[in-house]
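Visitor: Structure provided below as structure tokens; questions to follow.
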């Protein structure tokens, strides 16, 4: 087996397909968002992981950064929905700056993770 036929080249070819073809791209994007959301419920580093995953399926670095921001907005939407359903909006907003820190973290961490697209 030559180096051009190894597992790294196969992974690169698969990633290229996900970035260039519509159907694999959307499947990869949905899977990245779901995995990122699940891991984010366990640990805040899931925000970075989710951003990295949505960034890796993006066609370019600028699109990866926008995808990371989009993932952060989805996280905020899910978080806010959870707060509304549980009746905890008032308690969270009463914390003031701490709630703002959570919002900032949800927006910045995925964008930071999406910078992985610049490496791969």
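Residue numbers (the working numbering): 27 to 146.
Positions of the beta carbon are idealized from the N, C-alpha and C atoms, including for glycine.
Fair warning: this is a prediction, and the values are worked out from it, not measured in the lab.
1) Hey, could you find the ends of the alpha helix (DSSP H) residue 115 is sitting in?
2) What are the start and end residues of the alpha helix (DSSP H) that includes residue 69?
3) Among 86, 75, 50, 72, which one has its Cα closest to the Cα of residue 146?
4) Let me know if residue 40 comes out buried or exposed under the rule of 16 or more other beta-carbons within 10 Å of its beta-carbon.
5) In the DSSP assignment, the alpha helix (DSSP H) including residue 143 goes from what residue to what residue?
6) Quick check: what's the CA-CA separation for residue 48 versus residue 81?
Guide: Looking at the atomic coordinates:
1) Locating residue 115 in the chain shown gives position 89, counting from the first residue. Looking at the DSSP string, the run of the alpha helix (DSSP H) that includes residue 115 is 115-120.
2) The residue labelled residue 69 in the question sits at position 43 within the chain shown. Bounds of any alpha helix (DSSP H) do not take in residue 69, whose DSSP letter is neither H nor E.
3) As a working mapping, residue 146 is identified with position 120 in the chain shown. It is 86.
4) Walking along the chain shown from the start, residue 40 turns up at place 14. When all chains shown are included, residue 40 counts as exposed.
5) Counting from 1 along the chain shown, the entry for residue 143 is found at position 117. Run containing residue 143: none; DSSP gives neither H nor E here.
6) For the purposes of this step, residue 48 is taken as residue 22 along the chain shown, with counting starting at 1. For the purposes of this step, residue 81 is taken as residue 55 along the chain shown, with counting starting at 1. Spanning the two alpha carbons is a distance of roughly 16 Å.
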